[in-house]
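Residue numbers (full-length UniProt numbering): 1 to 416. Built from N, CA and C at the ideal position, the CB exists for glycine as well.
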């Protein structure tokens, strides 16, 4: 018994089994099936392969380096400091070409400040007083400019604490908006690399004209790949006015996006630039000002220190680089084709559901598509088959005995 079971298993191990198909002669179902197939094939070809380039391996972990250089000079004429000429080393902070930098647009200069005794600004809440007790000696003025001496000046009206600090204070000078700043230019050098494909590129155009960078300015239609940007054009593309930013300052984002198809020539891989203002608070409809202070220190002929204090407003620029590269990959191609072929099975599933549950002759269709076997039918079929074999064997035995009797009679007649 065990040997026969093993033989059956061994004999069926090398059998090939196929599905049984039922051809349904219903045009509505057939049309629906073909429409579903066409939609899936269109999705696979159009969306997966043409638009999303599903045949490519991609990488978006871009490695990037940014170097910036600002050009332009501006003349400042002040009654207190006289005429001065400012270049990039004066109004660009820091001046070493970082990806994040600050350009001064509005400046207040307080020259010849020396350490001494003077009144705190009445705009500082902690510096206001009505009595000497409001100015405890040795205590610093919160958000102020010095150390309290214990004296309250002008305490009868608009009193302020006397402080030890750099005098005179800021309120003694007026601010100056730097003119023609919108004509400054920003040269952005960007070097990128996609390590997966060992591909490197820069945003400097490949051209035989050596003077191209000296005469081009970025323009979407005329010079879309020129890396030199006019400051006023950048601000206009954010949808804001330079005059508004020059007074209070702002934060501007310069976005460089690389989308490279490495299946074609690398010269076709170009960056795209976009610009956005970052400091607009849409929830409260307000804009944050950007300002800070710094000082330049000197010594006079007697060896005493004095300084010039600068309070500057300006525009902070943040250069941000994003990118994605793709290259043909046989693995990605096979995976996407296999997924599309598997998705074609959805057409058969939907049509089967329609035939079995929604068509008018669904019971008849179900009977033709599926065979039902009742419990115990296998045993009955086996007993019926055994009886048939017994009857066939009995008939063969009877035929054999009759044939033997006939042969015996012929031999007896021949012998007689």
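Next on the checklist: Measuring only the C-alpha atoms, how far is residue 32 from residue 349?
Outcome noted: Each residue's alpha carbon lies about 12 Å from the other.
Next on the checklist: Using only the alpha-carbon positions, how far apart do residue 315 and residue 335 sit?
Outcome noted: Residue 315 and residue 335: Cα-Cα distance of roughly 49 Å.
Checklist entry - Does DSSP classify residue 378 as helix, strand or coil? => result No answer about residue 378 holds up, because its pLDDT of 49 lies below 50 and its placement is not dependable.
Item to check | Cβ pair residue 70, residue 186 closer than 8 Å | outcome: Going by C-beta atoms, residue 70 is nearer than 8 Å to residue 186.
Next on the checklist: Per DSSP, what are the beta-bridge partners of residue 250 in this structure?
Outcome noted: Under the DSSP definition of a beta bridge, residue 250 partners with 315.
Checklist entry - For residue 61, which of helix, strand or coil comes out of DSSP? => result If DSSP states are grouped into helix, strand and coil, residue 61 belongs with coil.
Next on the checklist: Taking contact to mean 3 or more Cβ pairs, one atom from each stretch, closer than 8 Å, check whether the segment 176-196 and the segment 237-249 are in contact.
Outcome noted: The answer is yes - the segment 237-249 touches the segment 176-196, with three or more Cβ pairs under 8 Å.
Checklist entry - Leaving out five residues before and five after residue 223 in sequence, what residues of the same chain have Cβ atoms less than 6 Å from its Cβ? => result Excluding residues within five positions, the ones whose Cβ falls inside 6 Å are 216.
Next on the checklist: Quick check on the DSSP output: what are the complete beta strand (DSSP E) runs of length 3 or more inside the segment 23-70, in order along the chain?
Outcome noted: Complete beta strand (DSSP E) runs here, min 3: 56-59.
Checklist entry - Can you tell which of 116, 135 and 118 has the C-alpha that lies nearest to the C-alpha of residue 125? => result With respect to the C-alpha of residue 125, the residue from 116, 135 and 118 having the closest C-alpha is 135.
Checklist entry - Which first and last residues belong to the alpha helix (DSSP H) in which residue 214 is found? => result Taken as a continuous stretch (DSSP letters only), the alpha helix (DSSP H) holding residue 214 covers 212-215.
Item to check | Whole-angstrom distance between residue 331 and residue 62, CA atom to CA atom | outcome: Residue 62 and residue 331 have their alpha carbons spaced roughly 22 Å apart.
Checklist entry - Is the CB-CB distance between residue 308 and residue 276 below 8 Å? => result No, the pair does not count as a contact, with Cβ atoms beyond the cut-off.
Checklist entry - What do you reckon, are the CB atoms on residue 197 and residue 231 nearer than 8 Å? => result No.
Item to check | Between the CA atoms of residue 294 and residue 148 - distance to the nearest angstrom | outcome: Approximately 22 Å between the Cα atoms of the pair.
Checklist entry - Could you check where the beta strand (DSSP E) with residue 19 kicks off and where it finishes? => result Looking at the DSSP string, residue 19 is not in any beta strand (DSSP E), and its letter there is neither H nor E.
Next on the checklist: Between the alpha carbons of residue 28 and residue 265, how many angstroms are there, rounded?
Outcome noted: Cα to Cα, residue 28 sits roughly 49 Å from residue 265.
Item to check | Status (buried if at least 16 other CB within 10 Å, exposed otherwise) for residue 218 | outcome: Buried, by the Cβ-count rule.
Checklist entry - Nearest-angstrom Cα distance between residue 90 and residue 49? => result Spanning the two alpha carbons is a distance of roughly 53 Å.
Checklist entry - So is residue 321 buried or exposed if we call it buried at 16+ other beta carbons inside 10 Å? => result Around the beta carbon of residue 321, 16 or more other beta carbons sit within 10 angstroms, so the residue counts as buried.
Checklist entry - Anyone know if the C-beta pair for residue 324 and residue 259 falls short of 8 Å? => result Yes, Cβ-Cβ distance for residue 324 and residue 259 is below 8 Å.
Checklist entry - Thinking C-beta only, is residue 347 closer than 8 Å to residue 37? => result Yes, Cβ-Cβ distance for residue 37 and residue 347 is below 8 Å.
Next on the checklist: Which same chain residues end up closer than 7 Å to residue 379 when comparing Cβ atoms and leaving out the 5 residues on each side of it in sequence?
Outcome noted: The pLDDT assigned to residue 379 is 49, lower than 50, so where the model puts this residue is not dependable, and the model offers no usable value.
Next on the checklist: Measuring only the C-alpha atoms, how far is residue 117 from residue 254?
Outcome noted: Those two C-alpha atoms are separated by around 46 Å.
Checklist entry - In or out: residue 317 buried (at least 16 other Cβ within 10 Å) or exposed? => result When all chains shown are included, residue 317 counts as buried.
Item to check | Endpoints, alpha helix (DSSP H) assigned at residue 343 | outcome: Here the alpha helix (DSSP H) through residue 343 covers 330-357.
Checklist entry - Taking the DSSP output, what are the residues bridged to residue 109? => result Bridge partners of residue 109: 310.
Item to check | Neighbourhood of residue 44 by C-beta distance below 6 Å, restricted to the same chain and skipping five residues each side | outcome: Non-local C-beta neighbours of residue 44 in its own chain, meaning closer than 6 Å and more than five positions away in sequence, comprise 340, ordered along the chain.
Next on the checklist: So for residue 96, helix, strand or coil by DSSP?
Outcome noted: Looking at residue 96 - three-state DSSP - the assignment turns out to be coil, as it is neither helix nor strand.
Item to check | Three-state secondary structure (DSSP) of residue 424 | outcome: This structure cannot settle anything about residue 424, because the visible part of the chain is limited to 1 through 416.
Next on the checklist: Threshold first: 3 residues or longer. Then list the beta strand (DSSP E) segments lying entirely within the segment 255-306, N to C.
Outcome noted: The qualifying runs are 271-277 and 291-299.
Checklist entry - For residue 313 versus residue 105, is the C-beta spacing smaller than 8 Å? => result In this structure, residue 313 sits near residue 105, with a CB-CB distance shorter than 8 Å.
Item to check | Terminal residues of the alpha helix (DSSP H) in which residue 234 lies | outcome: Taken as a continuous stretch (DSSP letters only), the alpha helix (DSSP H) holding residue 234 covers 231-237.
Item to check | N-terminal and C-terminal residue of the alpha helix (DSSP H) that residue 366 is part of | outcome: According to the DSSP assignment, residue 366 belongs to the alpha helix (DSSP H) that extends over 362-369.
Next on the checklist: Quick test of your reading: residue 252 and residue 278, contact by CB under 8 Å. State the CB separation rounded to the nearest angstrom.
Outcome noted: With a Cβ gap of about 7 Å, residue 252 and residue 278 count as contacting.
Checklist entry - How would you call residue 271, buried or exposed, if buried means at least 16 neighbouring beta carbons within 10 angstroms? => result Taking every protein chain shown into account, the CB of residue 271 has 16 or more other CB atoms within 10 angstroms, so this residue is buried.
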